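In the numbering used here, the protein residues as written are 5 to 524.
Just so you know, even glycine gets a beta-carbon here, dropped at the ideal spot from N, CA and C.
Note that the structure is predicted; figures quoted are calculated from it, not measured.
Contents: one structure, followed by commentary.
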Amino acid sequence: MSSTVHTGPRQRWTGLAVLVLAVTLVAVDATVLSLAIPSISETLRPSGTQLLWIGDAYSFVLAGLLVSMGSLSDRIGRRRLLLAGATAFGAASLMAAYAPSAGWLILARALLGVAGATIMPSTLSLIRGLFPDDRERATAIGIWGAAATAGAALGPVVGGVLLEHFWWGSVFLLNIPVVVLLLALGRWLLPESRDPAPGRWDVLSVALSLAGVIGVVYAIKEAAAHGVARWDVPVAGVLGAAALAVFVRRQLRLTTPLLDVRLFGDRRFTAAVLASLTALVGLSGVVFVTSQYLQLVRGYDPLKAGLAELPAFAGAVVGGLLTARLVRRIGPRAALTAGLLAMGVGLGLIGWIQQDTTYLVLAAAFLIVGTAEGVVYTLGADLVLSAAPADKAGAASAVSETAYELGTALGIALVGSVVGSLYASGLAVPAGTDPAAAARAGESLGGAVEAAGSLPQPLAGPLLASARDSFVHGMNVAAILAGTLLLAASVLGWRLLRGLPRAAAEQPEQPERQPEKASA
5 MSSTVHTGPR QRWTGLAVLV LAVTLVAVDA TVLSLAIPSI SETLRPSGTQ LLWIGDAYSF
65 VLAGLLVSMG SLSDRIGRRR LLLAGATAFG AASLMAAYAP SAGWLILARA LLGVAGATIM
125 PSTLSLIRGL FPDDRERATA IGIWGAAATA GAALGPVVGG VLLEHFWWGS VFLLNIPVVV
185 LLLALGRWLL PESRDPAPGR WDVLSVALSL AGVIGVVYAI KEAAAHGVAR WDVPVAGVLG
245 AAALAVFVRR QLRLTTPLLD VRLFGDRRFT AAVLASLTAL VGLSGVVFVT SQYLQLVRGY
305 DPLKAGLAEL PAFAGAVVGG LLTARLVRRI GPRAALTAGL LAMGVGLGLI GWIQQDTTYL
365 VLAAAFLIVG TAEGVVYTLG ADLVLSAAPA DKAGAASAVS ETAYELGTAL GIALVGSVVG
425 SLYASGLAVP AGTDPAAAAR AGESLGGAVE AAGSLPQPLA GPLLASARDS FVHGMNVAAI
485 LAGTLLLAAS VLGWRLLRGL PRAAAEQPEQ PERQPEKASA
């Protein structure tokens, strides 16, 4: 069956509505957790490292499997894999909701990542099949991108309401009604599509990509948190890099590769992937720490914190919907560069936020960052799909989603590690504090708040003041570093996209292939 599905306008747009539901499912799960972190810290008592793994285990596994699952969707059918993944996502959500320990929750989040990896590339590649017209597809991707950020906005608000009345596990139960609706409508409204000549699914390539991504990301995360002195950090980094190198060489030799790495020879494809990666490194990391800042430093309850973050997500919805019009007006090169520049400036503003800074400054920074991210994310997805052959849409869109999820994981890991390191080094524990309480306070700001609750006021007050000052300092430094990264990415994107025609969806010449069969 061809990957391009010949459908009428009504079926195309109703099919898009189902795909919007699917991407909302994954987006809600990603953002709702940030507001639950303080409650999880209090109930499950995770260590600082476990807290980071709770935040990013989902994205790490998702990033490691997206390319494999995108390629699988091209082979077995994108609708089939989407519905199977949604079923698994619901089961893993139940497991996470009732996790009895931090380790159990990390495992459940990893399983959610496995299920999520089947959903994301299927949605984007089905859009490629449903909308062969360039302009219609650009509009559809804008709606898809807006749905992703609208889901991210819905997560904190609805999650905040649940956290006001129920335990932290209820935030995962949000997924269940969405899964049920997706399964009911998906089989009825979505047409099936797949690569007509997919070749075999290379299991060794799957293992290499998973091992490579997780190995490299683990090494970066642990090096940022603890340095490179521990033996497992360089070992994981070397093994992960070696696995990725072997993966690339194998793809070049396979007749039907899991991922056509020659796509990176197209500067539009490379620029889009790098833009998505760096944008999400900055955005996800800063949102992760500002969620804690709003609740544990400014004293907002979960619902108020969710509403406080709403400008970022509302801006991203607007940015996604306006991307197609912006590209037609100024061209993809200027649009992508401007989006990255604006994100860098917005993140830099957060570097000047203090405990008593008026909320309007933070809201303005959120709005700038969110709107710019909506443009970068939506345009990046469109550039990736435009650069790839239609029958490889699943694998190509998986690369875009891998950059998105890998950026999310790296952002939480790197920004969280920078904040954690500066927090620990700047914390001053008052003399006479119980050693167990002092150790708990040194792990995280949430630990300090909990420890202060068991101390007399003459000790609790100074401990909390020092913990909040140290956390805000760490957040400021991390935000400035993230903003600098985005500014550098804007320069790189401008250089990579030089000579790109104003019609972003114009098909490039595909590099000539001379594949050889891989040895057994």
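query = Expressed to the nearest angstrom, what Euclidean distance is found between the alpha-carbon atoms of R16 and F135?
reply = Looking up residue 16 in the sequence shown gives position 12. Looking up residue 135 in the sequence shown gives position 131. Looking at the two C-alpha atoms, the distance is approximately 7 Å.
inquiry  = Using a Cβ-based criterion (distance less than 7 Å to any ligand heavy atom), does G164 qualify as near the ligand FAD?
reply    = Absence of the ligand FAD from the depicted structure is noted, as is the absence of any ligand whatsoever, leaving it without description.
request  = Could you name the residues of the same chain whose beta carbon sits closer than 7 Å to that of A247, not counting the 5 residues immediately before and after it, in chain order?
outcome  = Sequence index remark: in the sequence shown, residue 247 carries index 243 (1-based). Within the same chain, A247 has close Cβ partners L212, A215, G216, G219.
message = Helix, strand or coil, according to DSSP, for W171 in the structure here?
response = Numbered from 1 along the sequence shown, position 167 holds the residue referred to as residue 171. Residue state, collapsed to three classes: coil.
message = Buried or exposed, going by whether 16 or more other CB atoms sit within 10 Å of the CB of Y102?
response = Against the sequence shown, residue 102 aligns to sequence position 98. Classification of Y102: exposed, given that the 10 Å Cβ count is below 16.
message = Runs of 4 residues minimum, wholly inside the segment 304 to 353: which ones carry the alpha helix (DSSP H) assignment?
response = 306 to 312, 314 to 334
query = Taking contact to mean at least 3 C-beta pairs separated by less than 8 Å, is the segment 477 to 487 in contact with the segment 338 to 356?
reply = yes
task = Note down, in chain order, each residue of its chain lying with its Cβ closer than 8 Å to the Cβ of G164, except the 5 sequence neighbours on either side.
result = Counting from one through the sequence shown, the residue named residue 164 turns up at place 160. Result list for G164: L39, D305, P306, L307, K308, A309, G310, L311, in chain order.
ask   = Between the segment 78 to 90 and the segment 112 to 128, are three or more C-beta pairs nearer than 8 Å?
value = yes
request  = Run through the segment 10 to 78 for me and flag every whole alpha helix (DSSP H) of 4 or more residues, listed as ranges in chain order.
outcome  = 13 to 48
ask   = When DSSP labels each residue in this structure, what does I357 get in the three-state scheme?
value = In the sequence shown, the residue the question calls residue 357 occupies position 353. Note: I357 maps to coil in three-state DSSP.
inquiry  = Let me make sure I understand the geometry here. Which of W205, V162, R271 has the alpha-carbon closest to that of A31?
reply    = For the purposes of this step, residue 31 is taken as the residue at position 27 of the sequence shown. With distances taken between Cα atoms, A31 lies closest to V162.
key: Alpha-carbon to alpha-carbon, N179 and A21   = Translated into the one-based positions of the sequence shown, residue 21 becomes position 17. Translated into the one-based positions of the sequence shown, residue 179 becomes position 175. Cα-Cα distance, rounded: 17 Å.
inquiry  = Need the endpoints of the alpha helix (DSSP H) that W192 sits in, please.
reply    = Against the sequence shown, residue 192 aligns to sequence position 188. 179 to 193 is the span of the alpha helix (DSSP H), which, as asked, contains W192.
ask   = Under three-state DSSP, which class holds Y102?
value = For this step, residue 102 is matched to residue 98 along the sequence shown. Coil.
message = Is the beta carbon of I131 closer than 8 Å to that of I145?
response = Translated into the one-based positions of the sequence shown, residue 145 becomes position 141. Translated into the one-based positions of the sequence shown, residue 131 becomes position 127. Yes, they are a contact pair.
task = Please state whether DSSP places G450 in a helix, a strand or coil.
result = Here residue 450 refers to the residue found at position 446 of the sequence shown. Here G450 sits in helix by DSSP.
task = Go ahead and pull the three-state DSSP assignment for P136.
result = In the sequence shown, counting from the first residue as 1, residue 136 sits at position 132. Coil, per DSSP.
inquiry  = Using 8 Å for Cβ pairs, my map puts A435 next to S470. What's the rounded Cβ distance?
reply    = For the purposes of this step, residue 435 is identified with residue 431 of the sequence shown, where counting begins at 1. For the purposes of this step, residue 470 is identified with residue 466 of the sequence shown, where counting begins at 1. Incorrect: roughly 12 Å between the Cβ atoms, too far for contact.
key: W205 (DSSP reduced to helix, strand or coil)   = Looking up residue 205 in the sequence shown gives position 201. Three-state DSSP puts W205 in coil, outside helix and strand.
ask   = Counting along the chain, where does the alpha helix (DSSP H) carrying E377 start and finish?
value = Working through the sequence shown from its first residue, we reach residue 377 at position 373. Run containing E377: 363 to 391, per the alpha helix (DSSP H) assignment.
message = With the cut-off set at 8 Å, would you say L262 and D206 are in Cβ contact?
response = Along the sequence shown, read from residue 1 onward, the residue named residue 262 stands at position 258. Along the sequence shown, read from residue 1 onward, the residue named residue 206 stands at position 202. Contact: yes.
task = With a 10 Å radius around its C-beta and 16 neighbouring C-beta atoms as the bar for buried, classify S523 as buried or exposed.
result = The sequence position of residue 523 within the sequence shown is 519, counting from 1. Low per-residue confidence applies at S523: pLDDT is 38, beneath 50, and the placement is therefore not dependable, though the value from the model is reported in the following sentence. It counts as exposed.
query = Going by Cα to Cα distance, which pick from L325, L298, V252 is closest to T362?
reply = Indexing the sequence shown from 1 puts residue 362 at position 358. Minimum Cα distance to T362 is reached at L298.
message = If you measure between the beta carbons of G286 and G415, is that distance less than 8 Å?
response = The residue you call residue 286 lines up with position 282 of the sequence shown. The residue you call residue 415 lines up with position 411 of the sequence shown. Yes, the Cβ-Cβ distance between G286 and G415 is below 8 Å.
inquiry  = Measuring straight from C-alpha to C-alpha, what distance separates W148 and L23?
reply    = The sequence position of residue 148 within the sequence shown is 144, counting from 1. The sequence position of residue 23 within the sequence shown is 19, counting from 1. Approximately 8 Å between the Cα atoms of the pair.
key: Alpha carbon of V237 to alpha carbon of V221, nearest angstrom   = Stepping through the sequence shown from its first residue, residue 237 is reached at position 233. Stepping through the sequence shown from its first residue, residue 221 is reached at position 217. Taking the straight line joining both Cα atoms gives about 10 Å.
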